[in-house]
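Scroll down for the structure; my scribbles are underneath it.
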């Protein structure tokens, strides 16, 4: 059964500006126990930086996380987004189409208000699924 994104998303977002260092963004991700941060100027979404971006585009390439900016390694526009009124079916369709596991949720005008992940969709669809259980698990710092 399809639901609205507002009912399943993680509200609030962590965001950094494009000139923020990757090291600072990684610390923020660790502190907030999240796998991504939005790269934005206020309501202007510039990109999304994921833990995979850091691993593949910074660490694997031997770049210095203290000197590398998030704007130079984040996933850049067009960033696929959802509105809080979109359906979970639409989210799943976009994730499948663009091969992504998370999508920013933005209100009219582009202001980020949350994030929806594959785990959020799994928990909404079947709260007893393995993916839902994994998504709810306490992090293993």
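Numbering (the numbering used here), first residue to last: 387 to 527. Think of the CB as a built atom: it goes at the ideal place given N, C-alpha and C, for glycine as much as any other residue. Here the structure is a predicted model, which means the values were calculated and not measured.
Annotation for residue 406: 456 place their beta carbon closer than 6 angstroms to its own, counting only its chain and skipping 5 residues before and after. Following the DSSP letters along the chain, one finds residue 481 inside the alpha helix (DSSP H) bounded by residues 474-484. For the pair residue 505 and residue 398, the CB atoms are not nearer than the 8 angstroms cut-off.
About 17 angstroms separates the Cβ atoms of residue 494 and residue 466, ruling out a contact at the 8 angstroms cut-off. Counting along the chain, residue 448 sits inside no alpha helix (DSSP H), nor does DSSP assign it H or E at all. Residue pairing by DSSP places residue 436 opposite 422 in a beta bridge.
With fewer than 16 neighbouring CB atoms inside 10 Å of its own CB, residue 464 falls in the exposed class. Contact annotation, residue 434 with residue 402: C-beta distance approximately 11 angstroms; criterion of less than 8 angstroms not satisfied.
Here the C-alpha atom of residue 454 lies approximately 10 angstroms from the C-alpha atom of residue 440. The alpha-carbon of residue 432 is positioned some 24 angstroms away from that of residue 473.
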